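Following: one structure in structure tokens, then a few remarks.
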Amino acid sequence: MSEQLLRSAWVEIDKGRLEENIRAVKERVSPSRIIGVVKANAYGHGAVTVAKAYLENGVDMLAAATLEEVRELREAGISCTIIMMGLVPEELVPAAAELSVVPLISTVECAKAFSEWAVKNGRTAELMVTVDTGMGRIGFLPTEEGIRQVKAVSRLPGIRLFGLMTHFSSADMEDLAYTYLQKERFDWFFKRLQEEGIRIPMRTAANSPSIFRLPEVFYEAVRPGTIVWGCYPACVKDHETVKVRPVLSVKCRVIYVKRVPARSPISYGRKFVTERESVIATLPLGYADGYTRTLLGKARVLIHGTYAPVLGTICMDQVMVDVTDIPDVKTGDEAVLLGRQQGKEIPVEELEQASGLCSGELFYGFTCRLPIVVTEAAQ
């Protein structure tokens with residue numbers, strides 16, 4: 000742990016593993032390009048750190064969800080193409096244009112706002128057209144009316160169509176029939192645009208499950224998410240297709256150890272009561288650090304390479320664990336809540352199953368308050 004940290008709990012990012020995972024995805028999807036998705040602080044892994052890892056490994060396009068995220072990247076000196084994964088309100092079009100983002104476009108009206116800015120400033124605005132093939136979120140519908148709308152966008156002055164995007168809702172499900180239906184709608188939309196004389200140089204649809212399972216939807220660019228963090232979607236049984244390893248760990252130091260008698264209640268609500276004389280270790284993080292209360296009765300940590308169960312209700316800033324069967328636990332010992340220690344592991348899949356949360360929600364929660372420590376070499 001860095002001596003500069005003001006907390007004895009932290010998130011550790013293995014940059015070496017991150018770069019290995021990026022290269023593994025590149026090898027899988029080549030010659031398609033990668034759009035490095037760094038929204039939500041790169042799913043909690045550190046947006047600037049991850050963005051630089053992408054750029055250092057030959058990825059030249061990034062994607063963010065908000066203008067605040069884009070501004071953080073620009074202020075860090077990142078000048079590559081950044082695609083907005085969320086819609087830009089019309090009143091924020093000038094700010095978006097000044098940040099040189101490629102916005103998603105779902106309405107003619109928003110495209111007109113970018114066109115007016117471009118004409119006024121003697122610039123060209125590049126736009127990413129999004130089509131809703133079945134996610135039900137944002138995008139032009141794959142209908143003839145949708146084609147007419149995109150055609151109107153393409154005729155606006157000061158506009159260049161950068162790409163065409165859709166998002167799969169069910170590529171992580173065992174049955175891929177709906178995903179193939181979305182692909183069919185996407186392909187139809189692209190073909191009709193071509194028939195109308197509209198040229199769009201790049202298509203992107205593939206998310207992490209698609210990268211493992213559906214090479215036919217790689218098109219010109221893919222958008223990996225959880226695969227880069229070293230997570231295998233539950234639907235993926237063959238881990239040899241793309242070999243990745245976990246990047247993020249959650250660690251802390253034991254801050255207090257005490258021996259309590261049998262029948263001692265632990266934490267709020269007395270939901271756990273010791274059945275024997277026990278040794279209890281207190282750890283300095285809690286649900287405000289992403290260690291969610293939904294883990295009640297189902298979580299464990301690693302101390303001295305041995306699993307220790309979490310006891311009782313998880314507090315906002317602290318959690319208690321049973322170390323009765325682990326000899327010589329003392330203040331300052333390292334505890335691992337997510338990751339590896341002495342050959343044992345608590346994988347994110349375990350926390351997903353125990354908490355009911357997805358990996359992205361867990362990762363982001365951990366880094367809302369915990370400091371991030373980046374290690375350079377793959378471990």
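In numbering that gives the first Met the number 0, the protein residues as written are 0 to 378. Virtual Cβ for every residue (Gly too), placed ideally from N, Cα, C. These numbers come from a predicted model, not from an experiment.
CA-to-CA distance, residue j to residue i, given in whole angstroms
i       : j       : result
Cys-251 : Ala-353 : 20 Å
Cys-79  : Leu-61  : 7 Å
Val-49  : Glu-375 : 12 Å
Leu-103 : Glu-89  : 12 Å
Ile-137 : Tyr-267 : 43 Å
Glu-274 : Thr-281 : 18 Å
Leu-356 : Gly-157 : 44 Å
Glu-195 : Thr-106 : 19 Å
Asn-120 : Met-83  : 21 Å
Ile-265 : Glu-349 : 23 Å
Neighbourhood of residue i by C-beta distance below 7 Å, restricted to the same chain and skipping five residues each side
i       : result
Ala-46  : Val-37, Asn-40, Glu-68, Glu-71 and Leu-72
Arg-202 : Gly-162, Leu-163, Phe-189, Tyr-218 and Glu-219
Ser-169 : Tyr-177 and Thr-178
Cβ neighbours of residue i in the same chain (closer than 8 Å, five flanking residues each side left out)
i       : result
Gly-145 : Val-130, Phe-139 and Phe-188
Phe-365 : Val-10, Gly-43, Leu-247, Val-249, Asp-288, Gly-289, Tyr-290 and Leu-337
Tyr-286 : Arg-292, Ile-313, Cys-314 and Met-315
Pro-283 : Arg-6, Ser-7, Ala-8, Cys-251, Arg-252, Ile-254, Asp-316 and Gln-317
Host alpha helix (DSSP H) of residue i (start-end)
i       : result
Ile-199 : Counting along the chain, Ile-199 falls outside any alpha helix (DSSP H), and DSSP gives it neither H nor E.
Trp-116 : 107 to 120
Tyr-53  : 46 to 55
Pro-93  : 92 to 97
Beta strand (DSSP E) segment containing residue i, residue limits
i       : result
Ala-280 : 277 to 282
Phe-161 : 158 to 164
Gly-35  : 32 to 36
Ile-137 : No beta strand (DSSP E) contains Ile-137, which DSSP labels as neither H nor E.
Other residues of its chain near residue i: CB distance less than 6 Å, five sequence neighbours each side excluded
i       : result
Ser-1   : The pLDDT assigned to Ser-1 is 48, lower than 50, so where the model puts this residue is not dependable, and the model offers no usable value.
Pro-308 : Arg-299 and Asp-321
Val-58  : Ile-33 and Gly-35
Gln-378 : Note that Gln-378 scores a pLDDT of 47, beneath 50, so its modelled location is shaky and nothing firm can be said.
Glu-276 : Pro-260 and Ala-261
Environment of residue i [buried if 16+ CB atoms lie within 10 Å]
i       : result
Glu-11  : buried
Asp-327 : exposed
Asn-20  : buried
Gln-193 : exposed
Val-272 : exposed
His-166 : buried
Lys-182 : buried
Lys-257 : exposed
Ser-114 : buried
Asp-174 : exposed
Asn-206 : buried
Gly-331 : exposed
Ser-456 : No information on residue 456 is available, as it lies outside the stretch 0 to 378 that the chain covers here.
Leu-66  : buried
Lys-14  : buried
Gly-135 : exposed
Residues bridged to residue i (per DSSP)
i       : result
Asp-321 : Ile-279
Tyr-255 : Thr-281
Phe-271 : Ile-265
Lys-343 : Gln-340
Trp-9   : Lys-250
Arg-299 : Pro-308
Thr-129 : Met-164
Leu-103 : Leu-86 and Met-127
Ile-146 : BP columns for Ile-146 are empty, so no partner.
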